[in-house]
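Engineer: Let me give you the structure first, and then I'll get to my questions.
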Amino acid sequence: MTSTPSSPHEFTPAGPDDARSPCPALNALANHNHLPHNGRNIGFLQLVSALRGVYGVSLPLATVLTAGGVILCGHGFKLDLDALCRHNAIEHDASMVHRDVAETGGGNLASNKPDQDLIRAIIDSSNGHNVTLENLILAKALREQQAHIDGTPGHGYSKGYLSTISHGEPVLAAELISRPGGQGIPVEWFKTWFGEERLPDEFKKHRTLGLMEMRTERAMVTEKVNALHLENATKRRDD
C-alpha cells in the first residue's frame with residue numbers, strides 16, 4: 002500500500018464534496034481509490050471486492066457487511082458513504098473514536114470526523130508500542146458508560162442489532178489493521194488509520210477474517226464489556 006506518484010491507490014484526502022462515513026475502514030478505501038474517491042454510488046460487488054482485496058475479509062463476511070450497509074442505508078444496490086452517518090441506522094452511540102450526536106449536536110446525522118482526543122486516550126491505554134484488542138474493549142466499555150449504555154434495563158442501544166455492530170467494531174479494527182504475529186496494531190498505524198483514514202505505508206493483508214470467527218470474537222467482546230460494566234457498577238455501589 003505504499004503511496005507513489007504513479008500508484009492508482011495513492012492516498013488522496015477527501016475533498017469538500019466527497020462523501021465520507023463514520024467508518025475509518027471505508028473512508029480509507031475511498032481515500033486510496035479502492036472505492037470511488039467521491040464516496041458515492043458504490044456498487045454492492047465493488048464494496049465486497051474492496052473489503053476482500055485490501056483487508057482480507059472472507060467472502061461471506063464481506064457479503065454480510067456490505068448487505069447490512071446497502072439494505073439499511075443504500076439506494077438500490079448502491080451506497081453513498083455519507084448515508085452511513087444516519088444516526089441509529091448503522092451508526093450508533095459509544096463509538097470508539099467518534100463523538101455521539103448528543104456531544105456534537107448533529108441531530109440525526111453523526112460526525113464523520115474522528116476525534117483526536119478519543120484516539121489519544123486509546124493510545125495512552127496501550128503499552129506505547131501496540132494497541133491491542135483488550136485496549137479497544139476497554140475503550141468501548143468507557144464510551145458506553147459515557148453514553149449511559151451499561152446493559153441495565155432502559156440503558157441499552159436504541160435497537161438491539163446496534164449492540165452487535167458496536168461490539169464487532171473492536172474485532173474488525175484489531176483484526177483488519179494488525180501486524181502479523183498477534184501483538185496488536187502498531188501505535189503509528191493506529192494513528193494513521195483512525196486519525197488520518199489512511200492505510201499505513203507498510204500495511205498489507207496477512208490473513209483472512211471469516212464470518213464465524215468474527216461472530217465468536219464479537220461475542221467475547223460483549224462478554225468482556227458487560228463484565229467491565231458490572232465491575233464499574235459494583236465499585237459505585239461500594240463507594
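Every letter in the sequence shown is one number past the one before it in my numbering, and letter 133, counting from 1, is 134.
The beta carbon of each residue, even a glycine, is placed where N, CA and C say it ideally should be.
Being a predicted model, the structure only gives us computed values, none of them experimental.
I need the straight-line Cα distance from Arg1 to Arg238, nearest angstrom please.
Structural biologist: The structure shown does not extend to residue 1, since the chain is modelled only from 2 through 240, so no value can be given for it.
Engineer: Below 6 Å CB to CB, which residues in the same chain sit around Ser164 once its five sequence neighbours on both sides are set aside?
Structural biologist: Position 163 of the sequence shown holds residue 164. Excluding positions up to five away in sequence, the list reads Tyr158.
Engineer: For Leu110, which residues in the same chain have their Cβ closer than 7 Å to its Cβ, ignoring the five residues on either side in sequence?
Structural biologist: Counting from 1 along the sequence shown, the entry for residue 110 is found at position 109. The residues are Cys86, Arg87 and His88.
Engineer: To the nearest angstrom, how far is it from the Cα of Gly54 to the Cα of Leu229?
Structural biologist: Numbered from its first residue, the sequence shown carries residue 54 at position 53. Numbered from its first residue, the sequence shown carries residue 229 at position 228. C-alpha separation (whole angstroms): 35 Å.
Engineer: Kindly identify the DSSP beta-bridge partner or partners of Val102.
Structural biologist: By one-based count along the sequence shown, residue 102 stands at place 101. Per DSSP, none; premise fails for Val102.
Engineer: Taking the alpha carbon of Ala26 as the point to measure from, which residue in Arg121, Phe191 and Lys225 has its own alpha carbon closest?
Structural biologist: Taking the first residue of the sequence shown as 1, we reach residue 26 at position 25. Selected option, being the one with the closest Cα: Phe191.
Engineer: Look up Lys205 in the DSSP assignment and say whether it is helix, strand or coil.
Structural biologist: The count along the sequence shown starts at 1 and reaches residue 205 at position 204. If DSSP states are grouped into helix, strand and coil, Lys205 belongs with coil.
Engineer: Is the region 174-183 in contact with the region 196-215, if contact means three or more CB pairs nearer than 8 Å?
Structural biologist: Yes, since at least three Cβ pairs between the region 174-183 and the region 196-215 fall closer than 8 Å, the two stretches touch.
Engineer: Would Ile124 and Val132 qualify as a contact pair, given that the criterion is a beta-carbon distance under 8 Å?
Structural biologist: Taking the first residue of the sequence shown as 1, we reach residue 124 at position 123. Taking the first residue of the sequence shown as 1, we reach residue 132 at position 131. Closer than 8 Å, so yes.
Engineer: I'd like the list of long-range same chain contacts for Pro14, defined as Cβ closer than 7 Å, with 5 residues on each side in sequence excluded.
Structural biologist: Reading the sequence shown from its first residue, position 13 is the one you call residue 14. Asn32.
Engineer: For the candidate residues Arg41, Ser96 and Ala122, whose alpha-carbon lies nearest to that of Gly169?
Structural biologist: Locating residue 169 in the sequence shown gives position 168, counting from the first residue. Ranking the options by Cα distance to Gly169, first place goes to Ser96.
Engineer: Looking only at its chain, what residues have a beta carbon closer than 6 Å to the beta carbon of Arg121, apart from the 5 residues adjacent to it on each side?
Structural biologist: In the sequence shown, residue 121 corresponds to position 120, counting from 1. Same-chain partners within the cutoff: there are none.
Engineer: Using DSSP's beta-bridge definition, name the partner residues of Pro187.
Structural biologist: By 1-based counting over the sequence shown, the position of residue 187 is 186. Asn131.
Engineer: Identify whether Lys114 lies in helix, strand or coil by the three-state DSSP scheme.
Structural biologist: Translated into positions along the sequence shown, residue 114 becomes position 113. In this structure, Lys114 counts as coil in the three-state DSSP scheme.
Engineer: Do Pro23 and His99 have their C-beta atoms within less than 8 Å of each other?
Structural biologist: For this step, residue 23 is matched to residue 22 along the sequence shown. For this step, residue 99 is matched to residue 98 along the sequence shown. Taking 8 Å as the Cβ cut-off, Pro23 and His99 qualify as a contacting pair.
Engineer: Identify, in the order they occur along the chain, each residue of the same chain with its Cβ nearer than 6 Å to the Cβ of Asn42, setting aside the five sequence neighbours on each side.
Structural biologist: As a position in the sequence shown, residue 42 is number 41, starting the count at 1. Only Lys79 meet the Cβ criterion.
Engineer: Ala174 and Gly185 look like a contact to me (Cβ under 8 Å); what is the Cβ gap, rounded to whole Å?
Structural biologist: For the purposes of this step, residue 174 is identified with residue 173 of the sequence shown, where counting begins at 1. For the purposes of this step, residue 185 is identified with residue 184 of the sequence shown, where counting begins at 1. At roughly 10 Å, the Cβ-Cβ gap does not stay under 8 Å, so Ala174 and Gly185 are not in contact.
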